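*Asks:* Before we start, here is the structure in question, set down as structure tokens.
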Amino acid sequence: MARGRFNSKFAAVMAMAGSAVGLGNIWRFPYMVGEHGGAAFIIVYIACCLLVSLPIFFAESIIGKSTRTDTFGALETLAPKGRHVGYIAILASFIILSFYSVVGGWSFNYLIRSLGASFDGLGISEAKEVFASVGSSPVESVSCMLVFLGLTAMIVVAGVDKGIGRFSKISIPVLFVMVVIIAGVSLSLPGAEKGVEYLVRPDFGKLDGPAIAAALGQSFFSLSLGVGCILTYSSYMKEEDSVLQAGGWTALFDTLFAIIAGFAIMPAVFAAGIEPAAGPSLVFETLPVIFSRMGVVLPIIFFLAILIAALSSSISMLEVVVAWMVDRKGIARKYAVLIVFAAAAVLGGICATIPSVFGACDFISSNVLMMIGALGFALIVGWKMPREEVLSLVRSPFIYRLIRYVTPIMIIAIAVTNLL
Ligand code: PFF
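Given below as structure tokens:
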């Protein structure tokens, strides 16, 4: 059977941007910027993207486009001895899919609640109670997780272009418009300028080693590297579409989105006189309260945006595992989706009910498995593939040298820093 293919460059780029734009951009990036020196951190972040993460992106993309197969098959073709790294990347995708679906389920839950205007008049302490009750009710969190995973499966089962491509072409531009609207409202609030100052005032004194490691790690996670998503999507690119352009657009879109998300969130947080935070407490405790003070529509737009951002990432993780089953095992797409759905529902269900398992899945996948995957991809492109083949795709000896020498060292440096 013919493999799936994105029918346009726009679909391929939107799908990759969808994978990249996710919870990381919304609940981690704005806080990191504020804590690590504002505009100074943004400059370092962009440098990390350009010098380390983008070359890894190119490496994954080169592997996918030149082999035109799934993550495991690609590595088996290019470096038979390193093929097990393919399994590690696929496993990482599966694990991230499982715990990401729990958060996706919370977003779905909160979208329904905001449709019923249930945050109206709520204070922060009551919002904390709501979130605690959602998290501690197995029925509520598991059923919402299943809805989210089901939506992910429905998009993936429809196919590469008709499912993933079509969803991304529509939802990613809409997502962008939604955060711009929220940023507009947020910036117009009295007291918003304190939030802007928190984000942009450059403080080069805060740029210490941990801040630089954080920038690297964040740019890495944000571009969905090391788990085979970019590899798999690139294997569906049209022959004439350029790896360089796809990577450049994705990184630009991802960074721009993260910065605009910062302007959507921090000015509103400061205008409400609340201390900034990161992670679930920001999205599910602080922001519903702040946004519901501005009418019923803003919380709906916000949670719809979170849901779309999470879905466009989760479909890329599911596709990595499905592509392996379809290409390697000859399983029909619909059965492959069903099998992975069932397996992720089990692990996701465990993550939804046992917080320590959720934490362990997050830690192992982002700090260990993703790093091994990315290192494997960079080494294969830098040291195993013929130089001419790589250069025919990236057309720059400088990028080739970055992939060959700089990225492996930096990946090891981030991994060591994160594990210490
Ligand atoms: N890039 C996503 C984010 O910033 O939230 C996270 C992610 C997506 C990680 C897909 C890994 C992945 F395979």
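10 is the number of the first residue of the sequence shown in my numbering; add one for each residue after it. Cβ atoms here follow ideal geometry from the backbone N, Cα and C, with glycine treated the same way. Since the structure is predicted, the reported quantities are computational estimates derived from the model, not experimental observations.
1. Only counting runs of 4 or more residues, tell me where the alpha helix (DSSP H) segments fall wholly within the segment 28 to 104, in order along the chain.
2. At a cut-off of 6 Å, would you count residue 110 as near the ligand PFF, judging by its Cβ distance to the nearest heavy atom?
3. Within a Cβ cutoff of 8 Å, which residues of the same chain sit near residue 205, ignoring the five residues on either side of it in sequence?
4. Just to confirm, does residue 180 get its C-beta within under 6 Å of one of the non-hydrogen atoms of the ligand PFF?
5. I need the straight-line Cα distance from residue 281 to residue 129, nearest angstrom please.
6. Please report the residue range of the alpha helix (DSSP H) in which residue 410 lies.
7. Check whether the Cβ of residue 292 sits closer than 6 Å to any heavy atom of the ligand PFF, and report yes or no.
8. Report the three-state DSSP secondary structure of residue 245 (helix, strand or coil).
9. On a Cα-Cα basis, can you pick out the residue from 242, 232 and 286 that is closest to residue 265?
10. Give me every residue whose Cβ sits closer than 6 Å to any heavy atom of the ligand PFF, in chain order.
11. Considering Cα atoms alone, identify which of 29, 352 and 84 is closest to residue 58.
12. Report the CB separation of residue 402 from residue 74 in whole angstroms; it is logged as a contact under 8 Å.
13. Would you decide whether residue 207 is buried or exposed? Buried here means 16 or more other CB atoms lie within 10 Å of its CB.
14. So, helix, strand or coil for residue 221, using DSSP?
15. Thinking C-beta only, is residue 157 closer than 7 Å to residue 110?
16. At 4 residues or longer, what runs of the alpha helix (DSSP H) sit wholly inside the segment 142 to 167?
17. Determine the contact status of residue 325 and residue 113, defining contact as a CB-CB distance below 7 Å.
18. Excluding sequence positions up to five away, which residues of its chain have a Cβ less than 7 Å from the Cβ of residue 393?
19. Residues in the same chain with beta-carbon distance under 8 Å from residue 216, minus the five sequence neighbours each way, listed in chain order, please.
20. Confirm, please, whether the CB-CB distance from residue 166 to residue 343 is below 7 Å.
21. Between the alpha carbons of residue 372 and residue 39, how many angstroms are there, rounded?
22. Going straight from the alpha carbon of residue 406 to that of residue 177, what length do you get?
23. Rounded C-beta distance between residue 295 and residue 278? I'm assuming under 8 Å.
24. Should residue 252 be labelled buried (16 or more other beta-carbon atoms within 10 Å of its own) or exposed?
25. Helix, strand or coil: how does DSSP classify residue 325 here?
26. Under 8 Å: do the segment 89 to 101 and the segment 376 to 395 share three or more Cβ pairs, one atom per stretch?
27. Should residue 170 and residue 376 be called a contact, given that it needs their Cβ atoms to be closer than 7 Å?
28. Buried or exposed: where does residue 213 fall if 16 or more other Cβ atoms within 10 Å of its Cβ makes it buried?
29. So, is residue 397 buried or exposed, given that buried needs 16 or more other C-beta atoms within 10 angstroms?
30. Grab the span of the alpha helix (DSSP H) containing residue 343 for me, first residue to last.
31. Residue 27 and residue 452 - do their beta-carbons sit closer together than 7 Å?
32. Classify residue 182 as helix, strand or coil using the three-state DSSP reduction.
33. Do residue 336 and residue 172 have their C-beta atoms closer together than 7 Å?
34. Within the same chain, show all residues whose beta-carbon is closer than 7 Å to that of residue 107, passing over the 5 residues directly before and after it, in chain order.
*Replies:* Short version:
1. You should have 38 to 44, 48 to 57, 63 to 76 and 80 to 87.
2. Counted from its first residue, the sequence shown places residue 110 at position 101. Not so, every heavy atom of the ligand PFF lies at least 6 Å from the Cβ.
3. Residue mapping note: residue 205 aligns to position 196 of the sequence shown, counting from 1. Here residue 205 has 196, 272, 275 and 276 as same chain residues with Cβ atoms under 8 Å from its own Cβ, once five neighbours each way along the sequence are excluded.
4. Counting from one through the sequence shown, the residue named residue 180 turns up at place 171. Remark: the shortest separation between the CB of residue 180 and any heavy atom of the ligand PFF does not fall under 6 Å.
5. Within the sequence shown, the letter at position 272 stands for residue 281. Within the sequence shown, the letter at position 120 stands for residue 129. Cα to Cα, the separation comes out at about 15 Å.
6. Here the question's residue 410 lines up with position 401 in the sequence shown. Annotation for residue 410: the continuous alpha helix (DSSP H) segment containing it runs 406 to 410.
7. In the sequence shown, the residue the question calls residue 292 occupies position 283. Outside the cutoff, so no.
8. Locating residue 245 in the sequence shown gives position 236, where the first residue counts as 1. Here residue 245 sits in coil by DSSP.
9. Mapped onto the sequence shown, residue 265 falls at position 256. Among 242, 232 and 286, the Cα nearest to that of residue 265 is on 232.
10. For the ligand PFF, the selected residues are 28, 29, 31, 32, 33, 34, 102, 105, 230, 231, 233, 236, 238, 322, 325 and 326.
11. Here residue 58 corresponds to residue number 49 of the sequence shown, with the count starting at 1. Comparing Cα positions, the closest option is 29.
12. To locate residue 402, count along the sequence shown from 1; it is residue 393. To locate residue 74, count along the sequence shown from 1; it is residue 65. Between residue 74 and residue 402 the Cβ distance is about 7 Å, and since that is below 8 Å, they are a contact.
13. Position 198 of the sequence shown, counted from the first residue, corresponds to residue 207. By the neighbour-count rule (16 or more Cβ atoms within 10 Å), residue 207 is buried.
14. Indexing the sequence shown from 1 puts residue 221 at position 212. Assignment of residue 221 by DSSP, reduced to helix, strand and coil, places it in the helix class.
15. Your numbering for residue 110 matches position 101 in the sequence shown. Your numbering for residue 157 matches position 148 in the sequence shown. Cβ distance < 7 Å, so residue 110 and residue 157 count as in contact.
16. The segment 142 to 167 contains these whole alpha helix (DSSP H) runs: 147 to 166.
17. For this step, residue 325 is matched to residue 316 along the sequence shown. For this step, residue 113 is matched to residue 104 along the sequence shown. Their beta carbons are not under 7 Å apart, which means residue 325 does not touch residue 113 by this criterion.
18. In the sequence shown, counting from the first residue as 1, residue 393 sits at position 384. Cβ neighbours of residue 393 beyond the five flanking positions: 87 and 88.
19. Within the sequence shown, the letter at position 207 stands for residue 216. Non-local C-beta neighbours of residue 216 in its own chain, meaning closer than 8 Å and more than five positions away in sequence, comprise 45, 46, 49, 50 and 53, ordered along the chain.
20. Residue mapping note: residue 343 aligns to position 334 of the sequence shown, counting from 1. Residue mapping note: residue 166 aligns to position 157 of the sequence shown, counting from 1. Cβ atoms of residue 343 and residue 166: closer than 7 Å.
21. Translated into the one-based positions of the sequence shown, residue 372 becomes position 363. Translated into the one-based positions of the sequence shown, residue 39 becomes position 30. Taking the straight line from one Cα to the other gives about 21 Å.
22. Taking the first residue of the sequence shown as position 1, residue 406 is located at position 397. Taking the first residue of the sequence shown as position 1, residue 177 is located at position 168. Their Cα atoms are separated by approximately 33 Å.
23. As a working mapping, residue 295 is identified with position 286 in the sequence shown. As a working mapping, residue 278 is identified with position 269 in the sequence shown. About 6 Å; that satisfies the 8 Å criterion.
24. Counting from one through the sequence shown, the residue named residue 252 turns up at place 243. Residue 252 is buried by the Cβ-count criterion.
25. As a working note, residue 325 is residue 316 in the sequence shown. In the three-state reduction of the DSSP assignment, residue 325 falls in the helix class, which pools H, G and I.
26. The segment 89 to 101 and the segment 376 to 395 touch, with no fewer than 3 CB-CB distances between them shorter than 8 Å.
27. Reading the sequence shown from its first residue, position 161 is the one you call residue 170. Reading the sequence shown from its first residue, position 367 is the one you call residue 376. Result no, Cβ atoms of residue 170 and residue 376 do not sit closer than 7 Å.
28. Residue 213 sits at position 204 when you count from the first residue of the sequence shown. The C-beta of residue 213 has fewer than 16 other C-beta atoms within 10 Å across all chains shown, which makes the residue exposed.
29. In the sequence shown, counting from the first residue as 1, residue 397 sits at position 388. Result: exposed.
30. To locate residue 343, count along the sequence shown from 1; it is residue 334. It spans 342 to 362 - the alpha helix (DSSP H) in which residue 343 sits, taken as one unbroken run.
31. This structure does not reach residue 452, given that the chain is present from 10 up to 429, and the question cannot be answered.
32. Position 173 of the sequence shown, counted from the first residue, corresponds to residue 182. Secondary structure at residue 182: helix, using DSSP grouped into helix, strand and coil.
33. Reading the sequence shown from its first residue, position 327 is the one you call residue 336. Reading the sequence shown from its first residue, position 163 is the one you call residue 172. No, the pair does not count as a contact, with Cβ atoms beyond the cut-off.
34. Here the question's residue 107 lines up with position 98 in the sequence shown. Around residue 107: 353, 356, 357, 360 and 370.
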